[in-house]
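Number of protein chains: 2
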Amino acid sequence: MTAVQFERAYEGVGIVQRQSLTWIEPLALESGERLGAVTLAYETYGQLNAARDNAILLLHALSGDAHAAGYHSATDRKAGWWDAMVGPGKPFDTEKYFIICSNVLGGCMGSTGPASPNPWTGRPYGANFPVITIGDMVRAQVRLLDALGIERLFAVAGGSMGGFQALEWATAHPERVGGTLLLATAARSSPQTIAWNSIGRQAIMRDPRWRDGDYYDHERPTNGLALARMVGHVTYLSEPALEQKFGRRLQGANEPAFSLEREFAVESYLDYQGDSFNARFDANSYLYITKAMDYWDLPGRYGSLDAAMARMPGPSLIISFDSDWLYPTSESRAIADALTRQGRPVEHVDITSPAGHDAFLVDFAAQRPLIQDFLRELEVGSL
Amino acid sequence: MTAVQFERAYEGVGIVQRQSLTWIEPLALESGERLGAVTLAYETYGQLNAARDNAILLLHALSGDAHAAGYHSATDRKAGWWDAMVGPGKPFDTEKYFIICSNVLGGCMGSTGPASPNPWTGRPYGANFPVITIGDMVRAQVRLLDALGIERLFAVAGGSMGGFQALEWATAHPERVGGTLLLATAARSSPQTIAWNSIGRQAIMRDPRWRDGDYYDHERPTNGLALARMVGHVTYLSEPALEQKFGRRLQGANEPAFSLEREFAVESYLDYQGDSFNARFDANSYLYITKAMDYWDLPGRYGSLDAAMARMPGPSLIISFDSDWLYPTSESRAIADALTRQGRPVEHVDITSPAGHDAFLVDFAAQRPLIQDFLRELEVGSL
Chain Z
1 MTAVQFERAY
11 EGVGIVQRQS
21 LTWIEPLALE
31 SGERLGAVTL
41 AYETYGQLNA
51 ARDNAILLLH
61 ALSGDAHAAG
71 YHSATDRKAG
81 WWDAMVGPGK
91 PFDTEKYFII
101 CSNVLGGCMG
111 STGPASPNPW
121 TGRPYGANFP
131 VITIGDMVRA
141 QVRLLDALGI
151 ERLFAVAGGS
161 MGGFQALEWA
171 TAHPERVGGT
181 LLLATAARSS
191 PQTIAWNSIG
201 RQAIMRDPRW
211 RDGDYYDHER
221 PTNGLALARM
231 VGHVTYLSEP
241 ALEQKFGRRL
251 QGANEPAFSL
261 EREFAVESYL
271 DYQGDSFNAR
281 FDANSYLYIT
291 KAMDYWDLPG
301 RYGSLDAAMA
311 RMPGPSLIIS
321 FDSDWLYPTS
331 ESRAIADALT
341 RQGRPVEHVD
351 ITSPAGHDAF
361 LVDFAAQRPL
371 IQDFLRELEV
381 GSL
Chain F
1 MTAVQFERAY
11 EGVGIVQRQS
21 LTWIEPLALE
31 SGERLGAVTL
41 AYETYGQLNA
51 ARDNAILLLH
61 ALSGDAHAAG
71 YHSATDRKAG
81 WWDAMVGPGK
91 PFDTEKYFII
101 CSNVLGGCMG
111 STGPASPNPW
121 TGRPYGANFP
131 VITIGDMVRA
141 QVRLLDALGI
151 ERLFAVAGGS
161 MGGFQALEWA
171 TAHPERVGGT
181 LLLATAARSS
191 PQTIAWNSIG
201 RQAIMRDPRW
211 RDGDYYDHER
221 PTNGLALARM
231 VGHVTYLSEP
241 ALEQKFGRRL
251 QGANEPAFSL
261 EREFAVESYL
271 DYQGDSFNAR
281 FDANSYLYIT
291 KAMDYWDLPG
301 RYGSLDAAMA
311 RMPGPSLIIS
321 FDSDWLYPTS
331 ESRAIADALT
341 RQGRPVEHVD
351 ITSPAGHDAF
361 LVDFAAQRPL
371 IQDFLRELEV
381 GSL
């Protein structure tokens, strides 16, 4: 992109702040361990109003980061992961709202994670990083909100694991949350989700280059992380999406090669996804974040889904996608039904899309008006 | 089991013959290559009648073998893979039919495959084994039928990849097939199936111990094969099956361990499946057999599914399972619809089962009467 385009795109989301904050005081974790110091990388878009009541916290998924919208430089090839939804006139309207997005604790995009230096040794934590939970991720975000002087969020919003965090915010810190937006998510990780995550972890930990997590001075466990990502990618899509995107097409050939090598287009796609993930993600972060996902179990924590949902303060918008088999519609419906039984205002919309779990990051047309209307009604208090 | 029980079980399937046949003359493969000598390991149950017209060929799935029924010795812990369906008074009634089952070409249970000695070098083929197809597997079986003096099969029957072979028999060699029984199968491998198979192959080929397939004098690529099997196992089950079998139960613990290691019951299950598969299966066979599956494409070969189904000679029974998402009901329905359009007698039954793709190997109650009735009607020619 040219510099002029960049300026326009950069300004598109209003005033972009790209920062990080570090707390020296250790963070008490759900496991009982203490982690310190803790840094959170975050970005903000738009401006906090005088009443400090227009902040919306966006929560990213497994492989996401704090860069939700706009561009960091004129050479960036891609905008932030939710750029289609964040900006002036977009559903998360930066002319009205102060949007915050932070990289999760355990991540590898600026926040403290297993690749960060262990203050006791000066070397990366690796597998000595403590196992964290979704609750721990949110506890770190609570510090961020405190530091920003935001007592109460206008709303929290997230898809997939971002939805876990949004639910955690709304149930563990209900007094600090206005509305809750949940996309393609669930109140607990199902055994099938655990199975896929576990296979990904096994692929990494069985890679000889994993070296018990202590690989930062050596070659990275790229085979393991690539395999984990390939498994993930198939679960993010759907049979119709794969049929539509690739079918049985061969990559750059008309006839089968009768070789053991990759030759179908879908295989090239997975290979590419594995490689590009290695270029930007840390294998140990993949282990810790998927483990946090596996522990996610709101009904388990509060005794039942209804008991958990009884803690939710404000109105909720729940969006699911009919071809999402990783976080199927039934999981969203269960949350919506429990909220309804608890007398909480909730709207659940199941969007028809062939894009599978990925739909929340690609099929924006149907989501835009839903989110826009929800935030508007939340503002006027008509929910 | 005790010796007496064994005798009873062994006699249960009538006269069990466990043999192998070797052809010195090379087999012409679909790729244009020639493979020789070729050995097929096979078992038979029951007796061929004087008219030689009571033979049923059973075709096994990816990880199956020739041992379809009964026991080989008194110390066997498990009977053959389809023991519930093969024996006197069972659907494949050994008092009426002569049942044949052979290990596929490319396999590692007695038939020629990549672990077999290359006659030119005396060392295992490894990755020098030629890439084979479902058609090649069936061509080898044609030789077996010729050797047994069986001109025409009363029926062919198989589930999953066994169904691919049954369809291949009925369309490539229609004059030799009476009825066709298809279970949990498809007329082509979908891009999603290719994706899972490809990830399994990548797991093996990225294992440093794979050594380009030349590992027989070294440690085996057990990590790669275990990962491939784990991926497979999740695709063979279903969300309800995993929920019912494991839920979010921890293995041998009440509280989370906050460790990166496996701790959920579903993780222990997958680990066990990976290990036990390594004890009995060859990683190179996994590569070649899944590759043959990926090439499977009847509509591609004949121009359309209808054109392929127009080649089918006799009546067909098609069984699918509503929770099977690997070979979903829609694939079976497509075959049944094409057969109907071509005026071929076909019955398609979609069985309600939570067991996913595995259902054809575990949920026998609903299958038994369907198969029994189909074979009876095939016999009296009322179809």
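Chains as they are written, first to last, in UniProt numbering: chain Z, 1 to 383; chain F, 1 to 383.
A virtual CB, placed ideally from N, CA and C, is assigned to each residue, including glycine.
Please read these numbers as outputs of a predicted model, since none were measured by experiment.
| Asked | Found |
| --- | --- |
| Sort out for me which residues DSSP pairs G179 (chain Z) with in a bridge. | Z:A155 |
| Which parts of the stretch 27-91 of chain Z are runs of the beta strand (DSSP E), unbroken and 3 residues or longer, counting only runs that do not cross its ends? | 38-45, 55-59 |
| Using a C-beta cutoff of 8 Å, does D275 (chain F) count as contacting chain Z? | no |
| Mapping the DSSP letters down to three states, classify F281 (chain Z) as helix, strand or coil. | coil |
| Among the candidates F:G126, F:A257, F:E261, F:V362, whose CA atom is the shortest distance from the CA of H218 (chain F)? | F:G126 |
| Figure out for me which residue from Z:L339, Z:V362, Z:G314 has the closest Cα to the Cα of S382 (chain Z). | Z:G314 |
| Using a 10 Å radius around the Cβ and a threshold of 16 neighbouring Cβ atoms, would you call P191 (chain F) buried or exposed? | buried |
| For L181 (chain Z) and A170 (chain Z), which I take to be in contact (beta-carbon distance under 8 Å), what is that distance rounded to the nearest angstrom? | Their Cβ separation, rounded to whole angstroms, is 10 Å, which puts L181 (chain Z) and A170 (chain Z) out of contact at 8 Å. |
| Going by DSSP in three states, A9 (chain Z) sits in which element: helix, strand or coil? | Because A9 (chain Z) carries a pLDDT of 48, less than 50, the predicted location of this residue cannot be relied on, and no value is offered for it. |
| Do you know whose CA, among F:I99, F:L287, F:W196, lies nearest T44 (chain F)'s CA? | F:I99 |
| Kindly say whether R248 (chain Z), judged by its beta-carbon, lies nearer than 8 Å to any beta-carbon of chain F. | yes |
| Below 8 Å between beta carbons: does that hold for P130 (chain F) and N284 (chain F)? | no |
| In whole angstroms, give me the CA-to-CA distance for R123 (chain F) and A79 (chain F). | 32 Å |
| Strictly by DSSP, which residues pair up with H347 (chain Z)? | A small fix is needed here, since residue 347 (chain Z) is Glu in this sequence, not His. Z:L317. |
| State buried or exposed for V380 (chain Z), treating a residue as buried only when at least 16 other CB atoms are found within 10 Å of its CB. | exposed |
| Confirm, please, whether the CB-CB distance from Y97 (chain F) to F164 (chain F) is below 8 Å. | no |
| Return the CA-CA distance between L21 (chain Z) and F264 (chain F), expressed in angstroms with no decimal places. | 35 Å |
| What does a CB cutoff of less than 6 Å around A366 (chain Z) pick up in its chain, not counting 5 residues either side in sequence? | I351 |
| Is there a Cβ from chain F that is less than 8 Å from the Cβ of Q192 (chain Z)? | yes |
| How many Å lie between T75 (chain Z) and I319 (chain Z) at the Cα? | 34 Å |
| Around the C-beta of P26 (chain F), are 16 or more other C-beta atoms found within 10 angstroms, so that it is buried, or is it exposed? | exposed |
| If R262 (chain F) sits next to G300 (chain Z), beta carbons under 8 Å apart, how far is it from one beta carbon to the other, in whole angstroms? | The Cβ separation is near 19 Å, so there is no contact. |
| Quick one: give me the first and last residue of the alpha helix (DSSP H) that S332 (chain F) is part of. | 329-341 |
| Taking a cut of 8 Å between CB atoms, which residues from the stretch 157-173 of chain F lie near chain Z? | none |
| If the criterion is Cβ atoms closer than 8 Å, does the pair D358 (chain Z) and L237 (chain Z) meet it? | yes |
| For D294 (chain F), return the contacting residues in chain Z, with the cut-off set at a CB-CB distance below 8 Å. | F264 |
| Measure the CB-CB distance between Y286 (chain F) and I204 (chain F) and report whether it falls below 8 Å. | yes |
| Only counting the same chain, and skipping five residues up and downstream in sequence, which positions put a Cβ closer than 7 Å to that of A336 (chain F)? | I318, V346, H348 |
| L260 (chain Z): which of F:G149, F:A41, F:I194 sits nearest, CA to CA? | F:I194 |
| Measuring CA to CA, which of F:T133, F:P369, F:V362, F:Q372 is closest to W81 (chain F)? | F:V362 |
| 8 Å is my cut-off, CB to CB: does G356 (chain F) come that close to chain Z? | no |
| Can you look up W210 (chain F) in the DSSP assignment and give me helix, strand or coil? | helix |
| So, does the CB of Q202 (chain Z) fall closer than 8 Å to a CB anywhere in chain F? | yes |
| Give the C-beta separation of G274 (chain F) and S323 (chain F) to the nearest angstrom, bearing in mind that I take them to be a contact with Cβ-Cβ under 8 Å. | With 8 Å as the limit, G274 (chain F) and S323 (chain F) do not qualify as a contact, their Cβ atoms being about 23 Å apart. |
| Tell me which residue opens and which closes the alpha helix (DSSP H) that S198 (chain F) is part of. | 191-205 |
| Mind the definition here: the stretch 147-162 of chain F touches the stretch 53-61 of chain F only if three or more C-beta pairs lie below 8 Å; say whether that holds. | yes |
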